[in-house]
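Q:
In the numbering used here, the protein residues as written are 19 to 152.
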């Protein structure tokens, strides 16, 4: 009989996430698209986050805005205190499904040069945020 030595498995190693649902963070602050840029920046600062999920009046996620995007909009020459998030969020999306593989999601994020993507269900409701590790 041959002796086989077993190495104990490291308990500190986290399993590699396979789908977006395994890796997504909590949704965080969700704001309505009729909120002004200045108020959104204030919400973002108080929540100590770098992004906000933007939803329409029906609660459907329409996109994600970063502090850099909001600051850029505020510093623009056409900015007024009446500019709403829907004015800054030109096109809805992009979004990712919780069943999307991590390889596909990371590839899409790198291709589009995004730091974070909203994770939505089949009805467009925000479930969380997928952020690239830096």
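All C-beta atoms, glycine included, are put in the ideal place defined by N, C-alpha and C. The structure displayed is predicted, hence computed values, not measured ones.
1. For residue 134 and residue 43, what's the separation of their Cα atoms in angstroms?
2. What is the rounded straight-line gap between the Cα of residue 139 and the Cα of residue 96?
3. Should residue 80 go down as buried or exposed, given a rule of 16 or more other Cβ atoms within 10 Å for buried?
4. According to DSSP, simplified to helix, strand and coil, what is residue 70?
5. Quick one: is residue 108 buried, meaning 16 or more other Cβ sit within 10 Å of its Cβ, or exposed?
6. Closest to residue 89 by C-alpha separation, out of 58, 66 and 78, would be which residue?
7. In angstroms with no decimal places, state the Cα-to-Cα distance between residue 38 and residue 145.
8. Helix, strand or coil, according to DSSP, for residue 44 in the structure here?
9. Return no unless some Cβ of chain C is closer than 8 angstroms to the Cβ of residue 139.
A: Once the coordinates are examined:
1. If you take the alpha carbons of residue 134 and residue 43, they lie about 10 angstroms apart.
2. In this structure, the alpha-carbon of residue 139 lies about 35 angstroms from that of residue 96.
3. By the neighbour-count rule (16 or more Cβ atoms within 10 Å), residue 80 is buried.
4. It is a strand residue.
5. Within 10 angstroms of the beta-carbon of residue 108 lie fewer than 16 other beta-carbons, which makes it exposed.
6. A check of alpha carbon separations from residue 89 across 58, 66 and 78 identifies 58 as the nearest.
7. Each residue's Cα considered, the two are about 11 angstroms apart.
8. In this structure, residue 44 counts as strand in the three-state DSSP scheme.
9. Chain labels in this structure do not include chain C; a single protein chain is all it has.
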